[in-house]
Amino acid sequence: MEFLPKKVRTSTLKEFKASGHKFSCLTSYDHLTAGLFDQSGIDVLLVGDSAADNSLGYSSTLPITVAEMATFGRAVASAALRALVVIDMPFGSYETGPADALANAIALMKPTGADAVKLEGGKRSADQIRTLVEAGIPVMGHIGFTPQSVNVLGGFKIQGRGDAAEQLLEDALAVQNAGAFAVVLEMVPSAIAGEISAKLDIPTIGIGAGPQVDGQILVWTDFAGMTAGRPRKFVKRYANLGEQLASAALNYRTEVANGQFPTADHSFED
Numbered sequence: 012m013e014f015l016p017k018k019v020r021t022s023t024l025k026e027f028k029a030s031g032h033k034f035s036c037l038t039s040y041d042h043l044t045a046g047l048f049d050q051s052g053i054d055v056l057l058v059g060d061s062a063a064d065n066s067l068g069y070s071s072t073l074p075i076t077v078a079e080m081a082t083f084g085r086a087v088a089s090a091a092l093r094a095l096v097v098i099d100m101p102f103g104s105y106e107t108g109p110a111d112a113l114a115n116a117i118a119l120m121k122p123t124g125a126d127a128v129k130l131e132g133g134k135r136s137a138d139q140i141r142t143l144v145e146a147g148i149p150v151m152g153h154i155g156f157t158p159q160s161v162n163v164l165g166g167f168k169i170q171g172r173g174d175a176a177e178q179l180l181e182d183a184l185a186v187q188n189a190g191a192f193a194v195v196l197e198m199v200p201s202a203i204a205g206e207i208s209a210k211l212d213i214p215t216i217g218i219g220a221g222p223q224v225d226g227q228i229l230v231w232t233d234f235a236g237m238t239a240g241r242p243r244k245f246v247k248r249y250a251n252l253g254e255q256l257a258s259a260a261l262n263y264r265t266e267v268a269n270g271q272f273p274t275a276d277h278s279f280e281d
C-alpha cells in the first residue's frame, strides 16, 4: 500500500526510502505554484536559488541574496500544507565557515517557516552541515554538479565519471556523516547514482541522475515548458505553459485592439 502521510517531514523521506516509495520534488518560488504543487501531492518543494535566473532575471544563480531567498521562501512555505519545504542557502552564505552558515540559515528559516535548508558541497561543507544540524536546523546536501560552483567546474558537465566516482561517494558519505537528512545528486551517471544510493542510509534525490535514486526533482519552469530553447537531456516537459501563455496574451491583445473585449458580459450596468 502506498505511504502518503498528511504532512511530509524529514523523517518521512527516510521512511520512503526504506519502503521503496519513490517521492517527487519540484522547485517553487511563489505562493500560487506552491499551493498547486502541494495540492497535487508533490512531496518536497525546494525554494531553489534557481529563482535567480527564473524569476529575477539574473544570468546565473550566484547573485541572489539571503534576503531575496527569504522573500521567496515565505511565499512558498505559507502555501504548503503537506509538502516539506526546503530553502536553498545562496552562494556566499555558508562557504566562509560554520558560524556564517549558522547565522544565514537562521536568517532563512526564522522569517519563512521553511522546514529545512539545502547547501552544496560534500567534504568541503561537512563542518557547516554538522554545525547547522547540531543547532537544530535540518540540512539537505547537494553533490555532483553544483551550480554555485559552475565556474570552477568549467561549465555544465556530468560529474562522477571514471576515477571521480570514488570522490563522489566520499562526498556523499561525508554529507551523511555530518547529519544531513537527504542529498541531491545532480548530473551523475545513472549507475554511479544507483551505487551511491544503495550505500547511503539517507535518501538520494536525483536531477539528471537516472531512476535508481530514491526521489526526483525538477525545476518547475523546465517541467512545465516555461523556459525557452531546447531543454537539457534530463528534463521531461509535462506541459507547454510558455506557449499557452504567449498565445493567451496574443489573443487578449488582439481582442482589446479590435474592441472584442470587454463585452456586455464583462461590464456593469447602471
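Mapping to the working numbering: the sequence shown position 5 is 16, numbers consecutive. Think of the CB as a built atom: it goes at the ideal place given N, C-alpha and C, for glycine as much as any other residue.
LYS17 and ARG93 have their C-alpha atoms roughly 6 Å apart. Under DSSP, GLY226 takes part in a beta bridge, and its partners are PHE34 and ILE216.
For HIS42, the uninterrupted alpha helix (DSSP H) segment begins and ends at 42-50. Residue pairing from DSSP leaves MET198 without any beta-bridge partner. Under the rule that a run must span 3 or more residues, the beta strand (DSSP E) segments found entirely inside the stretch 65-123 read 95-99. In this chain, LEU15 is not harboured by any beta strand (DSSP E), its DSSP state being neither H nor E. Rounded to whole angstroms, the gap between the alpha carbons of CYS36 and ILE228 is 4 Å. The distance from the Cβ of THR107 to that of GLY132 is about 13 Å, inconsistent with a contact at the 8 Å cut-off. Boundaries of the beta strand (DSSP E) around LEU56: 55-58. The C-beta distance from VAL77 to PRO101 rounds to 6 Å, short enough to meet the 8 Å contact threshold. Residue burial annotation: ASN115 is buried, with at least 16 other C-beta atoms found within 10 angstroms of its C-beta. Residue burial annotation: GLN271 is exposed, with fewer than 16 other C-beta atoms found within 10 angstroms of its C-beta.
Boundaries of the beta strand (DSSP E) around VAL150: 150-155.
For the options TYR40, ALA235, LEU256 and ALA239, the alpha carbon positioned closest to that of LYS247 is the one of ALA235. Per DSSP, VAL128 is one residue of the beta strand (DSSP E) stretching across 127-129.
For ALA191, the three-state secondary structure derived from DSSP is coil. The residue among HIS32, SER22 and VAL19 with its C-alpha nearest the C-alpha of VAL224 is HIS32.
Residue environment analysis places GLU197 among the buried positions, since at least 16 neighbouring C-beta atoms fall within 10 angstroms of its C-beta. Per DSSP, reduced to three states, the secondary structure at ALA250 is coil, with no helix or strand assignment. Taking the C-beta atoms as reference points, PRO109 is found no nearer than 7 Å to ALA81. Pairing ILE203 with HIS277, the inter-Cα distance amounts to about 58 Å.
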